[in-house]
Structure formats: structure tokens, C-alpha cells
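Counting with this note's numbering, you get residues 54 to 329 for the letters of the sequence shown.
This report refers to the structure that appears directly beneath it.
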Amino acid sequence: MRNVALAEKAEAVRLSTTVPTTLSFDMPIDARAAVLSDGTRVEILDRGERSLTLRALEPLREPVTLRVPLSAASAQAAPLFQLSTPGDVVDAQVRVFREASAPELLRARLAELEARCAAYEAALADQRARCAARGPADWVLSGQVEEQGVMVVVLHEPLLGRAADAQVRVRAAAYFQARDWMVFKARVGNDTGKPWRPARAWLEDVATGKRVTARALRFAAEAPSKNGVGRVAVEFGWEETFGNSAEYRLVVEAASGGAPLVIPGVALQDGTPVGK
């Protein structure tokens, strides 16, 4: 549920072709006079004294504008809403308030901030526990390793990647996967004669191109400088979603720029990697 206040600009509302969206107003509206800029792509399912229920008839390549006149007693201009279908999220309910200082709106926003702070505090406590975990006993107590243990998958040729330069290459790679996390480990050889250090990394969905940014990137003290071999570790979160599978490529970008190091063919099943 979202809470918004009327403004001069059009308020963005995210629709779906399957889940209806209800706009609830804290004031009477002239629902019968509500009009869409394109009624062939969005339909109004229900018109109430203080609410409208909408649904997209098809994915919206271009936004559709909704104009909602207020009651005849109101001198305020009819608010506008810009409707879209992003696909990954839908506004099932949007509460619309006449004033940004409306007590109910302020209370709702305060509750949202409190919930967000609680989530941040929980995440911070989790990170503190992870940082304090320096050995196997700590890993078990902090929940990083549980009864199902850690699965190890070794990546073999031709799955090992290399930069376009071909003088920076992966000599060996594997990933470790537990219930809530996964870590890629790679031995990287550098024959360029120039320093090489990893700066950032991400997993990229081969089918969609969507990136998942690593939540941690580490390298050993002997990380490849000039003509050397080093070890790189890339950490992601992990959410179990049984039946879900996708192919990814791991991309590691060097601090000096240039072509990134790519490890293709990372097939992940029954879960989704999570970034920071």
C-alpha cells in the first residue's frame, strides 16, 4: 500500500493486467467523470464515492493518464495520475490525501519510516554478526552455516573466463552456496606486466541482462599485481525459490578499467542471487 498527497504533477501509479489497483481518496470525488486518456488499454472496474478500481488490459508501452475530478464542492483542480505497467511491481492500493500535512498521511509515513528503520537495524545486526564470525563455531552460531551445510560447485573449462586482453585470465574457479549466501572463488593470473586489482563485480542474467551487484568483493594479499596469481572472492546473498533456475555470468571489473573478467555458464537452480 502506498500513501501519496495531491500535487501539481501527475502521480505515478503502477498497474498490472492481473491484480486490480484501487485508488482511495480522503475526500469525495466525481467518480463518474473520471476519464482515461486511452480507455482501450486500461479499464475502470469500479467507481465509488471515494475510490476507483483499475486494471490494465495489456502491458503499457506508453503511460496512460487518468484524470479524477473532485466533488463539485471542491475548488481544487482535478488530480492527474500517470499509469504504467513496470511488470516487477504493482500498486494494489494507493491512498490519496488532499493535503501533505494530513494527520493520517503523516502517521502512515511515520509507520513506513519506523518499519524501514527496523529493517535497517535488523540488517545491521546481521552484518555485525557476520563481521564477528571469525571461525567455524561463529559461522554456525551466526546462522551462516546450518544443517544442510555448504554446496561446492567447481567450474571447469570451457566455463572459465578471461578478459578480452587474454593475458588476465581465470585459472580455477568454484562457488560455495549455503542457505542464505553464495561466494565465488577464483584464481586469477595476470601476465600483462601491469597491476590488476578487482574493483566491483556482479552477476548478470544471460536471458534478461538484469544485474545483481555483489554485496562483498575480497582479494587475497597476493592478488595479482604484475605477472602474478591472486585469489578473488565475490559474495552474494541467496534466496531459495524452488523451481526457479537461470543462467548467469560473473563479471569482475578491474580498478584500472579496460575489459572486465567474465566467467560464463553459471547455472543456478532453486534460488535467486541477492545483491547489496
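Virtual Cβ for every residue (Gly too), placed ideally from N, Cα, C.
Just so it is clear, the structure is predicted and the values come from calculations on it, not from any experiment.
Where Pro326 falls: helix, strand or coil (DSSP): By 1-based counting over the sequence shown, the position of residue 326 is 273. Residue state, collapsed to three classes: strand.
Inter-residue spacing [alpha-carbon to alpha-carbon] between Pro116 and Glu257: Here the question's residue 116 lines up with position 63 in the sequence shown. Here the question's residue 257 lines up with position 204 in the sequence shown. So the two alpha carbons sit approximately 28 Å from each other.
Mind checking whether Pro112 and Gly140 have CB atoms under 9 Å apart? Indexing the sequence shown from 1 puts residue 112 at position 59. Indexing the sequence shown from 1 puts residue 140 at position 87. Result yes, Cβ atoms of Pro112 and Gly140 sit closer than 9 Å.
Nearest candidate by alpha-carbon position, reference Asp144, set Thr261, Phe134 and Arg271: Here residue 144 refers to the residue found at position 91 of the sequence shown. Its Cα nearest to that of Asp144, the residue Phe134 stands out among Thr261, Phe134 and Arg271.
Drop a sphere of 10 angstroms on the beta-carbon of Phe295, count the other beta-carbons inside from all chains shown, and report buried for 16 or more, exposed for fewer. The count along the sequence shown starts at 1 and reaches residue 295 at position 242. Residue environment for Phe295: exposed (fewer than 16 other C-beta atoms within 10 angstroms of its C-beta).
Are Val221 and Trp249 touching if we call contact CB-CB under 9 Å? One-based indexing of the sequence shown puts residue 221 at position 168. One-based indexing of the sequence shown puts residue 249 at position 196. Yes, these two residues count as a Cβ contact at 9 Å.
Would you list the residues sitting across from Asn50 in a DSSP beta bridge? Outside the modelled stretch of the chain, which goes from 54 to 329, sits residue 50, for which no answer is possible.
Who are the Cβ neighbours of Ala252 in its own chain at under 7 Å, not counting the five residues just before and after it? Stepping through the sequence shown from its first residue, residue 252 is reached at position 199. Same-chain partners within the cutoff: Glu306, Ala307 and Ala308.
Going along the chain, which residues of its own chain have a beta-carbon closer than 6 Å to the beta-carbon of Thr138, five neighbours each way excluded? Within the sequence shown, residue 138 is the residue found at index 85, counting from 1. Excluding sequence neighbours, Thr138 sits near Leu68, Ala109, Pro112 and Leu113.
Between the beta-carbon of Pro330 and the beta-carbon of Trp291, is there less than 9 Å? Outside the modelled stretch of the chain, which goes from 54 to 329, sits residue 330, for which no answer is possible.
Less than 9 Å between the C-beta atoms of Ser77 and Val149, yes or no? Counted from its first residue, the sequence shown places residue 77 at position 24. Counted from its first residue, the sequence shown places residue 149 at position 96. Contact: yes.
From the DSSP output, in three-state form, read off Ala190 for me. On the sequence shown, residue 190 is found 137 positions in, with the first residue counted as 1. DSSP places Ala190 in helix when its eight states are reduced to three.
Thinking Arg85 and Val147 are a contact (beta carbons under 8 Å), I'd like their distance in whole angstroms, please. By 1-based counting over the sequence shown, the position of residue 85 is 32. By 1-based counting over the sequence shown, the position of residue 147 is 94. Taking a contact as a CB-CB distance under 8 Å, the pair Arg85 and Val147 does not count as one, their CB atoms being some 20 Å apart.
When you compare the CB of Thr74 with every CB in chain C, is at least one pair closer than 9 Å? Absent here is chain C; the protein component of the structure consists of one chain.
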